[in-house]
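Participant: Residue numbers (the numbering used here): 1189 to 1324. Note that CB positions come from ideal geometry on N, CA and C, so glycine has one too. Here the structure is a predicted model, which is why all the values come from computation and not from measurement.
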């Protein structure tokens, strides 16, 4: 489920600085780190520009490249390239932040379409916050 949009700055997370919002979703993820370490986990959040992934083991270090497959549904998946930009321990999990690169517009659109289907109201409210269709 999505977190509430902060009225203070209009982003999904209160201290969010990204233009592209990330949606809280739990999708299975598989991949390889630097073409040698296999990994699997699940997304914590996802956007067209990046993701946070929860892993059961400590696999990733900052500045490593990753090739990911994110399973959006039973019938849809996206293959992505990225770079690990941060890591942290959260309970018994290791979370890694991945910034995507070389993502085609088709893949970006698939992620947006998926996010829109998950929760249309939150997506629309984020993008059109402050707009009104009523005349005053």
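1) Within 10 Å of its beta-carbon, does residue 1272 have 16 or more other beta-carbons around it, so buried, or fewer, so exposed?
2) If we require 4 or more residues per run, which alpha helix (DSSP H) segments fall completely within the segment 1230 to 1308?
3) Any C-beta of chain B sitting closer than 8 Å to the C-beta of residue 1263?
4) Leaving out the 5 sequence neighbours to the left and right, which residues in its chain are closer than 8 Å to residue 1260 when beta-carbon positions are compared?
5) Can you tell me which of the three DSSP states residue 1217 falls into?
6) Do you know offhand how far residue 1275's Cα is from residue 1228's?
Facilitator: Judging by the given coordinates:
1) Per the 10 Å Cβ criterion, buried.
2) As summarised for the segment 1230 to 1308, the continuous alpha helix (DSSP H) elements at least 4 residues long and confined to that stretch are 1293 to 1306, given in chain order.
3) The structure shown contains no chain B; it holds only a single protein chain.
4) 1215, 1266, 1298, 1299 and 1302, listed in sequence order.
5) Strand at residue 1217.
6) Between residue 1275 and residue 1228, the C-alpha separation is close to 15 Å.
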